[in-house]
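Report on the structure given below.
Residue numbers (the numbering used here): 141 to 482.
See below:
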């Protein structure tokens, strides 16, 4: 909900800036908030418990060395006074300088050994986490669902960038209006989250994902209607099609994304939850990126570009067909998995 609220505020602000500011000033303005967040991260102080213990031990060792060093100084001073009558001032200066170096040597050795010990602990921890992560990821109960979510992205070409240019160049919709439509999309995301948590949490994930992909294919057909201009013959304006298409698309995509988050959290073994969950999210983002490349490749094959949208309808119909491909691989999702248990 917090993410949706932030998205609504950002979309409203983005729509306003597109109408009132130049592009270079917009990029400068929107770089301020990430910069503030980056600077605030540098102010966070945290350290491992083991590092604190090692530093305390190092301080205690240094104190003991300094005490022992003072005792030895007193003994050496007595001996020095006994033989000082037979030595010159030059030899005395050399001996004192040698005593200082011998007094500081144990502390330096202790600090270097503590540093090597800390580095060894970090290396062993990293190696252990890596082997644990690889071992967990090779388990079928983890690998199979993640493979499905990756396939669900890469098998469906992403044509959203082409649709944006079609809406601005052919439909003559203002960029500020398209930015404002994202507000409706975020509201749809909030509604989708509420419906899922309220009514669909106990439903099997296979059924939820099946219904989500069928709904996404229907929404792609709405895009085909918009591109073919059939909506005008039905008395539906382009703006209405774009607004409700954005809201429904974000809401239904949330039905697909919520099971991903829930299943990822349930499958993470103890001890490496954060690392494995970050890997799951990276795989999801990689799938989205590959989907964009697939969409760009499809546009190249169909000769779709800015100012040339003759085959855009064909591209959308191919996208509709590809939406059903992940349905054939739903067997990779655990059969009895729900929003409560995997």
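For every residue, glycine included, the Cβ atom is placed at its ideal position computed from N, Cα and C.
None of the values given here were measured: they were computed from a predicted structure.
Taking 8 Å as the upper bound for CB-CB distance, residue 309 and residue 455 are not in contact here, some 16 Å apart. Counting the other Cβ atoms within 10 Å of the Cβ of residue 253 gives fewer than 16, which makes it exposed. According to DSSP, residue pairing for residue 422 in a beta bridge does not occur. When C-alpha distances from residue 293 are compared across 427, 414 and 258, the shortest belongs to 427. As a beta-bridge residue in DSSP terms, residue 478 pairs with 344. For residue 174, the enclosing alpha helix (DSSP H) starts and ends at 172 to 182. Following the DSSP letters along the chain, one finds residue 454 inside the alpha helix (DSSP H) bounded by residues 452 to 462. The DSSP-derived three-state label of residue 377 is coil. For residue 280, the enclosing alpha helix (DSSP H) stretches over residues 280 to 294. Exposed is the label assigned to residue 171, since fewer than 16 other Cβ atoms lie within 10 Å of its Cβ. In the structure shown, the three-state DSSP call for residue 357 is helix. DSSP places residue 446 in the coil class of the three-state scheme, outside both helix and strand. DSSP places residue 312 in the coil class of the three-state scheme, outside both helix and strand.
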